[in-house]
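One structure is given below, encoded as structure tokens.
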Amino acid sequence: MKEALRGKVEEALQALLAAAGDGGPLPDFAIEVPRQKEHGDFSCNAAMLLAKRLGKKPRELAEELRTRLGDAGGLVSRSEVAGPGFLNVVLASAGWQDRIHDVLKAGDRFGHSSAAAGGVARAGQGKPRVQVEFVSANPTGPLSTGHGRQAVLGDCIARLLDATGWDVTREYYFNDGGRQMRVLGESVKARYLEHLGRAAAPTAAALADPEHAWQDQVDGLPVVFPKDGYQGDYIVDIAVRLVEKEGAGLVDEPGDGRFREVAQATIFQNIEATLHRIGIRFDVYFNERSLYTDGKLEEALVDLRKAGLVYDADGAVWFRATACGLERDRVVVKSSGEPTYLMPDIAYHRDKFRRGFDLVIDIQGADHIEQFPFVREAAARLGAERDRMELVMHQFVTITSGGERVKQSTRKATFITVDEIVDDVGADVFRFFMIERKRDGHLDFDLDLAKDKNWKKNPAYYVQYAHARTWGIERKALEAGVAMPAADGFDASRLVLPEEIELVKKLVLLPEIVARAAESREPHHVAYYLREVAGLWNPYLQDGDRHRVLSEDAALTAARLGLALAVRHVIACGLELLGVSAPERM
RNA sequence: GCCCCGGUAGCUCAGCGGAUAGAGCAACUGCCUUCUAAGCAGUGGGCCGCAGGUUCGAUUCCUGCCCGGGGCGCCA
């Protein structure tokens with residue numbers, strides 16, 4: 052619709068420029084939906100952009116454009132020059148009404164396109180491939196709300212890319228080597244010994260202060276809990292289960308052995324189960340340790356050295372990041388001989404490109420954002436393409452309950468988990484709330500609103516209910532012996548009420564919204580759009596006196612049932628992109 | 001000190017260089033009891049953090065400052 056008008060305006064501008072003796076290019080004008088309804092369906096700013104160049108007044112130019120555009124082959128019913136030089140256009144209503152058939156023909160796939168992949172399309176090679184890496188939480192504890200936001204965000208971005216022409220791989224990278232996992236194993240072992248009565252629990256004072264030196268003994272028993280150890284109850288649970296299964300048979304095992312393995316496996320299963328609960332499945336779980344065993348890490352280090360990008364100092368190996376224009380150099384291998392997280396990350400990103408992805412997206416929380424340039428630069432020097440590595444960052448989550456911010460602490464394991472919230476509000480509401488806000492801002496998760504079952508208040512239910520109501524109407528129609536119309540099986544010109552035209556105009560926007568959300572990696576646009584659609588549909592149904600869907604007038608009934616079906620498809624498609632279910636009844 | 005992200009209605013937030021800046025909740029007024037569940041119609045509420053700059057036009061782009069969050073490790 053918009054593109055059709057744009058084409059006509061371009062023709063008119065071409066003629067206008069030719070008449071003025073200007074052979075230059077067309078201006079980069081906009082065709083947009085004005086904020087105010089009175090300004091028509093679309094407005095065009097071309098006249099203002101050309102005023103200086105042609106030495107004419109903007110309003111005069113706009114008038115000339117208006118004349119040349121005419122009715123644009125029946126597309127335009129009315130146009131006028133307004134404000135400083137806008138050309139406002141009202142389209143013929145038949146243009147809108149007929150679009151409803153397009154929506155119905157496309158069904159749930161209305162909204163899908165190849166829009167976002169356009170810039171990277173590979174000639175004759177099929178869809179371009181994108182990898183989206185997200186969550187990537189190390190298996191040291193349950194998923195927190197921060198991970199939850201990233202999980203939903205990443206999954207929605209993946210869904211959007213898939214709907215706009217990409218072949219998507221979801222990947223989870225996890226770190227199963229290194230100090231963190233050793234401390235995890237030692238934490239479990241400490242709880243294990245404690246449960247067997249062979250060691251003492253650390254004092255509360257010691258746990259509260261990570262810098263405090265551990266006491267060696269409490270009441271004659273040794274304290275073995277590691278400094279900065281994991282304090283959550285889930286650690287105790289794992290230890291208790293080990294005692295039940297193995298008795299005291301593991302007292303001589305090192306913390307870094309069986310204890311770490313069992314803890315890791317248990318926690319990871321738990322994380323996966325949580326992700327499945329909220330509808331997220333990964334195609335690849337990439338294991339950091341594999342980079343050591345298959346030699347890719349060593350290879351990357353050797354290649355960096357060959358390229359003169361690492362050097363030895365203070366017993367450590369440094370990445371010469373300053374040579375790549377970055378602030379300072381970074382250690383990649385500690386003086387202990389153990390690589391820092393940076394080294395495997397570099398090898399990992401190089402590996403991503405070797406697997407043939409056209410685009411690699413890392414989704415990360417704001418606390419990791421500064422690390423990305425180092426990984427990207429190093430990987431780029433090893434053959435990865437810099438402009439095909441993209442960082443998508445997001446801010447944190449705070450939880451509000453009873454008007455108060457809920458305090459959380461990762462270290463003390465007093466954080467709220469994804470599971471706890473999903474227990475309370477369900478996966479659909481969880482996802483909707485997590486995706487409703489733009490990534491760049493903090494997300495305030497209002498637990499009270501999320502728990503509220505009132506469909507009018509809770510935006511997730513408000514949208515779902517709008518969808519369910521289309522099924523309610525269908526059930527009612529079938530009861531009355533009225534069949535649902537086929538995509539072309541009704542006369543859309545019967546939809547003449549302003550609220551009906553407005554609905555159609557809104558429904559038709561879906562593909563544009565989806566494309567923009569995908570390209571900008573901002574799924575919240577879809578959530579807002581769905582609220583707008585529901586915000587038109589729900590009141591429409593409420594005002595039953597003015598426009599009952601099911602009426603004596605068979606042709607009108609068919610048209611309104613067609614409208615209901617279009618609403619259903621648009622909402623179903625949008626909710627699918629957010630990973631939120633679209634129930635037939637609630 | 002340096003870097004990143006925010007600052008828009010009482011609250012939570014949308015806003016693609018355009019015209020008189022929007023939504024939901026909360027508040028206020030009137031009506032209604034539903035094609036499923038307290039709905040519908042309306043009202044009030046704003047130096048778009050501050051100050052410059054670019055532009056025909058700035059909430060939007062640029063610079064500086066203020067406030068809030070995060071980051072600046074041989075932690076990940």
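Numbering (the numbering used here), first residue to last: 52 to 637.
Glycine is no exception: its CB is placed at the ideal position from the N, C-alpha and C atoms.
- Message: Using the three-state DSSP reduction, which class does N589 fall into: helix, strand or coil?
- Response: The sequence position of residue 589 within the first sequence is 538, counting from 1. DSSP places N589 in helix when its eight states are reduced to three.
- Task: Would you list the residues sitting across from H445 in a DSSP beta bridge?
- Result: Numbered from 1 along the first sequence, position 394 holds the residue referred to as residue 445. G416.
- Task: Could you pull out every residue in the same chain whose Cβ sits closer than 6 Å to the Cβ of W506, ignoring the five residues on either side in sequence?
- Result: In the first sequence, residue 506 corresponds to position 455, counting from 1. Correct list, in chain order: Y512, Y513, Y516.
- Query: Buried or exposed: which applies to V353, given that a residue is buried once 16 or more other Cβ atoms fall within 10 Å of its Cβ?
  - Reply: Residue 353 sits at position 302 when you count from the first residue of the first sequence. So V353 ends up on the exposed side.
- Give the straight-line distance between the Cα atoms of N226 and L342, rounded to the nearest whole angstrom. Reading the first sequence from its first residue, position 175 is the one you call residue 226. Reading the first sequence from its first residue, position 291 is the one you call residue 342. Spanning the two alpha carbons is a distance of roughly 10 Å.
- Query: Grouping DSSP H, G and I as helix and E and B as strand, with all else coil, what is Q268?
  - Reply: Here the question's residue 268 lines up with position 217 in the first sequence. Reduced to three states, the DSSP call for Q268 is strand.
- Item | Cβ distance (whole Å) where E428 is taken to contact C375 below 8 Å | Taking the first sequence and counting its residues from 1, the one referred to as residue 428 is at position 377. Taking the first sequence and counting its residues from 1, the one referred to as residue 375 is at position 324. About 4 Å; that satisfies the 8 Å criterion.
- Message: Please report the straight-line C-alpha distance between K296 and A316, rounded to a whole angstrom.
- Response: Taking the first residue of the first sequence as 1, we reach residue 296 at position 245. Taking the first residue of the first sequence as 1, we reach residue 316 at position 265. Going by the C-alpha atoms only, they are around 16 Å apart.
- Message: Can you look up N139 in the DSSP assignment and give me helix, strand or coil?
- Response: Taking the first sequence and counting its residues from 1, one reaches residue 139 at position 88. It is a strand residue.
- Item | L607 beta carbon less than 7 Å from that of L554 | Position 503 of the first sequence, counting from 1, holds the residue named residue 554. Position 556 of the first sequence, counting from 1, holds the residue named residue 607. Taking 7 Å as the Cβ cut-off, L554 and L607 do not qualify as a contacting pair.
- Would you say L498 and S452 are within 7 Å of each other, going by their C-beta atoms? Your numbering for residue 498 matches position 447 in the first sequence. Your numbering for residue 452 matches position 401 in the first sequence. Against a cut-off of 7 Å, the Cβ pair of S452 and L498 comes out as a contact.
- Query: What separation, rounded to the nearest whole angstrom, lies between the Cα atoms of L410 and H163?
  - Reply: In the first sequence, the residue the question calls residue 410 occupies position 359. In the first sequence, the residue the question calls residue 163 occupies position 112. Going from the Cα of L410 to the Cα of H163 covers about 20 Å.
- Query: Should the segment 242–253 be called in touch with the segment 209–228, which here means at least 3 C-beta pairs below 8 Å?
  - Reply: no
- Task: Compute the Euclidean distance between the alpha carbons of I420 and L442, then round it to the nearest angstrom.
- Result: The residue given as residue 420 occupies position 369 in the first sequence. The residue given as residue 442 occupies position 391 in the first sequence. Answer to the nearest angstrom: the Cα atoms are 8 Å apart.
- Straight-line gap, G199 to V186 (C-alpha atoms, nearest Å): Taking the first residue of the first sequence as 1, we reach residue 199 at position 148. Taking the first residue of the first sequence as 1, we reach residue 186 at position 135. Rounded to whole angstroms, G199 to V186 spans 8 Å at the Cα level.
- Message: Could you tell me the alpha carbon to alpha carbon distance between K240 and D365, rounded to whole angstroms?
- Response: Position 189 of the first sequence, counted from the start, is the residue given in the question as residue 240. Position 314 of the first sequence, counted from the start, is the residue given in the question as residue 365. Approximately 34 Å, taken between the alpha carbons.
- Query: Is it true that the segment 473–483 meets the segment 538–550, where meeting means three or more beta-carbon pairs spaced less than 8 Å apart?
  - Reply: no
- Query: Assuming L377 and P305 make a contact with CB atoms under 8 Å, what is their CB distance in whole Å?
  - Reply: For this step, residue 377 is matched to residue 326 along the first sequence. For this step, residue 305 is matched to residue 254 along the first sequence. Not quite, the Cβ-Cβ distance comes to about 39 Å (not below 8 Å), so this is no contact.
- DSSP-derived helix/strand/coil call for F408: As a working note, residue 408 is residue 357 in the first sequence. Here F408 sits in coil by DSSP.
- Item | Residues of its chain near N139, where Cβ-Cβ distance is below 6 Å and the 5 sequence neighbours each way are ignored | Position 88 of the first sequence, counted from the first residue, corresponds to residue 139. Counting only Cβ-Cβ distances below 6 Å, and skipping sequence neighbours, we find H90, G91, S94, E131, A133.
- Only counting runs of 3 or more residues, tell me where the beta strand (DSSP E) segments fall wholly within the segment 438–514, in order along the chain. 440–445, 448–452, 494–497
- Between the Cα of A398 and the Cα atoms of E339, K357, V448, which residue gives the shortest distance? Mapped onto the first sequence, residue 398 falls at position 347. It is E339.
- T220 beta carbon less than 7 Å from that of D334: Locating residue 334 in the first sequence gives position 283, where the first residue counts as 1. Locating residue 220 in the first sequence gives position 169, where the first residue counts as 1. Taking 7 Å as the Cβ cut-off, D334 and T220 qualify as a contacting pair.
- Message: In the DSSP output, which residue or residues are listed as bridge partners for C95?
- Response: Locating residue 95 in the first sequence gives position 44, counting from the first residue. In DSSP, C95 forms a bridge with I82, L138.
- Query: In whole angstroms, what separates the C-alpha of R439 from that of V183?
  - Reply: Numbered from 1 along the first sequence, position 388 holds the residue referred to as residue 439. Numbered from 1 along the first sequence, position 132 holds the residue referred to as residue 183. Spanning the two alpha carbons is a distance of roughly 12 Å.
- Message: Out of P395, K357, L360, which one is the CA nearest neighbour of G346?
- Response: Residue 346 sits at position 295 when you count from the first residue of the first sequence. The shortest C-alpha separation from G346 is found at P395.
- beta strand (DSSP E) segment containing Q182, residue limits: The residue labelled residue 182 in the question sits at position 131 within the first sequence. Note, Q182: beta strand (DSSP E), 180–184.
- Item | Buried versus exposed, by CB contacts within 10 Å (16 or more), K403 | Residue mapping note: residue 403 aligns to position 352 of the first sequence, counting from 1. Label assigned to K403: buried.
- Query: Taking the alpha carbon of G625 as the point to measure from, which residue in A538, V584, F408 has its own alpha carbon closest?
  - Reply: Counting from 1 along the first sequence, the entry for residue 625 is found at position 574. Comparing Cα positions, the closest option is V584.
- Query: Exposed or buried, which one is Y362 when buried takes at least 16 other CB atoms within 10 Å?
  - Reply: Here residue 362 refers to the residue found at position 311 when the first sequence is read from its first residue. The residue is exposed, with fewer than 16 neighbouring Cβ atoms inside 10 Å.
- Item | Collapsed DSSP secondary structure at R379 in the structure displayed | Numbered from 1 along the first sequence, position 328 holds the residue referred to as residue 379. In this structure, R379 counts as coil in the three-state DSSP scheme.
- Message: Going by DSSP in three states, T317 sits in which element: helix, strand or coil?
- Response: The residue labelled residue 317 in the question sits at position 266 within the first sequence. Helix at T317.
- Query: Using DSSP with H/G/I as helix, E/B as strand and the rest coil, what is Y336?
  - Reply: Translated into the one-based positions of the first sequence, residue 336 becomes position 285. Note: Y336 maps to strand in three-state DSSP.
- Message: Judging by CA-CA distance, which residue of E115, L68, H152 is the nearest neighbour of P536?
- Response: Within the first sequence, residue 536 is the residue found at index 485, counting from 1. Out of E115, L68, H152, H152 has the C-alpha closest to the C-alpha of P536.
- Excluding sequence positions up to five away, which residues of its chain have a Cβ less than 8 Å from the Cβ of Y579? As a first step, residue 579 must be located in the first sequence, where it is residue number 528. The residues are E487.
- Delimiting residues of the alpha helix (DSSP H) encompassing Y243: By one-based count along the first sequence, residue 243 stands at place 192. Segment 229–247, the alpha helix (DSSP H) holding Y243.
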